[in-house]
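Visitor:
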Amino acid sequence: MNTFPRRFFYGDIPGDNTGGDSTPTSTAAATDWPLWEIFIRSKQGLDHKHVGSLHAADARMAIENARDVYTRRLEGVSIWVVESRYIHASSPDEADSLYEPAADKIYRHPTFYQLPDEVNHM
Amino acid sequence: MSQLIDYTCYLGDNALILGHRNSEWCGHGPVLEQDIAITNISLDLIGQARNFYQYTASLKGGDTTEDTLAYHRDAAGFRNVLLAEQPRGDWAYTIMRQFLFSSWQHLLYTSLQHSSDTQLAAIAAKALKEVTYHQRWSAEWVVRLGDGTQLSHEKINTALQSMWPLTAELFVPAAFELAAPAIDPKTLQQPWHAQVAEVFREAELTLPAAVDGNSDGKNGAHTAYLETLLQEMQYLPRTFPNATW
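Line by line, the protein sequences are chains A and B.
Taking my numbering, the leading residue of the first sequence gets 348, the next gets one more, and so forth.
Taking my numbering, the leading residue of the second sequence gets -19, the next gets one more, and so forth.
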């Protein structure tokens, strides 16, 4: 049987649950388990940030794996996991129509206001 | 005092030897994520061993350090239970051992954190958070394998049958466990039994009948497995006594 390696790049969401380089590996289990996207909140009050992905059999295992893989150095206080197949991404082919129209509309940026010096973090 | 030294050393030995066994999975785990999980548990256990050994060394005084305790004692000087030194076997075996061990260690540290010996109490309180996770992680894997495929059920059941007789030693007191601040291991047996029985029910495993045991490992009478483990673990500091990073 021919198997063609398919490479995914950072930010790509594969449709069939097999993330990364799908060259057959020796551990069948790794490819049987779905891929999960991991979001970690580093401090109370901040938002969850995407940190990477991993394989797990179910949500609980995904949280534990994320704890072991991504929070070993006190990176987080809260973990979200989402199965990758539930994430819908914009297509790179549509970049022109989606994003370029915003390029020449400077009036959308709030740069025309005079800010008092006392307001520091705007 | 000598009883307390033996007891703190015993607590350290259990953690170090199982920590070393689990570390053998590093780079060989069934999947990357679980490789990291079991290695984290190793590091937790070795960290606990360091805390207990540092305390032992301060009680002993002289030239004793945590390193001399770990690297310059022979098998007969180690007091760990036989369960800890058994080979890592397959993944089911490692999981089952971790579950039986962590469930016991969780109860032990829970009692120990209220010890009149403030140093032991502090070490136990710190380690308890780690062990709570070890127990949760391993219990979930026991259920996953027991209630999984026919093959996984067979493997976890085989692991249980082969290790069950060794669990008796956990609750047979050695001389150094007879007086405070040591926790009487007999008081842990009933709750331990109830806890593992509940997980086995969920995992569709049959609880084996109770067995009698002795306290061989606690008294330094070990299986040959400890000998080979120490040969590898102690090789470097014994060959190059003053080696540093």
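Cβ atoms here follow ideal geometry from the backbone N, Cα and C, with glycine treated the same way.
In this text, all values refer to a predicted model and were calculated from it rather than measured experimentally.
(1) Quick one: list the residues of chain A neighbouring E178 (chain B), beta-carbon separation under 9 Å, in chain order.
(2) Quick one: which unbroken beta strand (DSSP E) runs of 3-plus residues sit fully inside the stretch 410 to 436 of chain A? Chain order, please.
(3) Just how far apart, CA to CA, sit A107 (chain B) and Q391 (chain A)?
(4) According to DSSP, which residues form a beta bridge with L146 (chain B)?
(5) Give a yes or no on whether 8 Å exceeds the smallest Cβ distance from R388 (chain A) to chain B.
(6) In the DSSP assignment, what are the bridge partners of S83 (chain B)?
(7) Does the beta carbon of T208 (chain B) come closer than 8 Å to any beta carbon on chain A?
(8) Between the C-alpha atoms of T374 (chain A) and G69 (chain B), what's the straight-line distance to the nearest angstrom?
(9) When DSSP labels each residue in this structure, what does V398 (chain A) get in the three-state scheme?
(10) For P161 (chain B), which option in B:W71, B:D97 and B:L49 has the closest C-alpha, if you only look at C-alpha atoms?
(11) Would you kindly work out how many angstroms separate the C-alpha atoms of W380 (chain A) and G126 (chain B), rounded to a whole number?
(12) Please determine, among B:Y(-10), B:Q130, B:S95 and B:S22, the residue with the shortest C-alpha to C-alpha distance to V61 (chain B).
(13) Only counting runs of 4 or more residues, tell me where the alpha helix (DSSP H) segments fall wholly within the stretch 118 to 178 of chain B, in order along the chain.
(14) Would you decide whether D394 (chain A) is buried or exposed? Buried here means 16 or more other CB atoms lie within 10 Å of its CB.
(15) Please name the residue or residues paired with R388 (chain A) in a DSSP beta bridge.
(16) For the alpha helix (DSSP H) containing N31 (chain B), name the first residue and the last one.
(17) If you check the beta carbons only, do G57 (chain B) and G193 (chain B) fall under 8 Å apart?
(18) Could you check whether I18 (chain B) and G9 (chain B) sit closer than 8 Å to each other, using their CB atoms as the reference points?
(19) Are L140 (chain B) and M76 (chain B) touching if we call contact CB-CB under 8 Å?
(20) Which residue or residues does DSSP assign as beta-bridge partners of W71 (chain B)?
(21) By a C-beta neighbour count over all protein chains shown, 10 Å radius and 16 as the cutoff for buried, is D451 (chain A) buried or exposed?
(22) For the stretch 440 to 463 of chain A, enumerate the residues whose C-beta is nearer than 9 Å to any C-beta of chain B, in chain order.
(23) Should Q115 (chain B) go down as buried or exposed, given a rule of 16 or more other Cβ atoms within 10 Å for buried?
(24) What do you get for D24 (chain B), buried or exposed, if any count of 16 or more other CB atoms within 10 angstroms of its CB means buried?
(25) Kindly list, in the order they appear in chain B, the residues whose Cβ is closer than 7 Å to that of V416 (chain A).
(26) Within 10 Å of its beta-carbon, does L63 (chain B) have 16 or more other beta-carbons around it, so buried, or fewer, so exposed?
(27) Please tell me whether E422 (chain A) has its Cβ less than 8 Å away from any Cβ of chain B.
(28) Which same chain residues, not among the five before or five after T44 (chain B), have their C-beta less than 8 Å away from its C-beta?
(29) To which residues does DSSP link W471 (chain A) through a beta bridge?
(30) Can the beta-carbon of A183 (chain B) be found less than 8 Å from the beta-carbon of V123 (chain B)?
(31) Using 10 angstroms around the beta-carbon of A72 (chain B), count the other beta-carbons present and answer buried if the total reaches 16, otherwise exposed.
(32) Express the C-alpha separation of F32 (chain B) and S195 (chain B) in angstroms, rounding to a whole number.
(33) Output needed for E110 (chain B): all residues of its chain with C-beta closer than 6 Å, excluding positions within five of it in sequence on either side, in chain order.
(34) Counting only Cβ pairs nearer than 7 Å, list the residues of chain B close to L401 (chain A).
(35) Quick one: is E182 (chain B) near chain A, going by C-beta distance under 8 Å?
(36) For a quick check, are the C-beta atoms of E65 (chain B) and L216 (chain B) less than 8 Å apart?
Guide: Judging by the given coordinates:
(1) Within chain A, no residue comes near E178 (chain B); the closest Cβ sits about 18 Å away, beyond 9 Å.
(2) 425 to 430
(3) 25 Å
(4) According to DSSP, L146 (chain B) bridges with nothing at all.
(5) For R388 (chain A), no Cβ of chain B is located within less than 8 Å of the residue's own Cβ.
(6) Partner(s): none; S83 (chain B) has no beta bridge.
(7) Judged by the 8 Å Cβ criterion, T208 (chain B) is not in contact with chain A.
(8) Note that T374 (chain A) scores 47 on pLDDT, short of 50, meaning its location in the model is unreliable; the coordinates nonetheless yield the value given after this. Near 18 Å, if we compare the C-alpha coordinates of G69 (chain B) and T374 (chain A).
(9) V398 (chain A): strand per DSSP, three-state reduction.
(10) B:D97
(11) 18 Å
(12) B:Y(-10)
(13) Inside the stretch 118 to 178 of chain B, DSSP marks whole alpha helix (DSSP H) runs of 4 or more residues at positions 130 to 143, from first to last along the chain.
(14) The residue in question, D394 (chain A), is exposed, as its Cβ has fewer than 16 Cβ neighbours within 10 Å.
(15) A:S425
(16) L12 to K40
(17) no
(18) yes
(19) Yes; because the gap between Cβ atoms is below 8 Å, this pair is in contact.
(20) Note: W71 (chain B) sits in no beta bridge, so no partner.
(21) Per the 10 Å Cβ criterion, exposed.
(22) none
(23) buried
(24) buried
(25) E13 and I16
(26) buried
(27) no
(28) T36 and A37
(29) Residue 471 (chain A) falls outside the range modelled here, since chain A spans only 348 to 469, and no answer is possible.
(30) Contact: yes.
(31) With 16 or more other Cβ atoms within 10 Å, it is buried.
(32) 21 Å
(33) D24
(34) E13
(35) Cβ-Cβ to chain A under 8 Å: no for E182 (chain B).
(36) Not in contact: E65 (chain B) and L216 (chain B) (Cβ atoms no closer than 8 Å).
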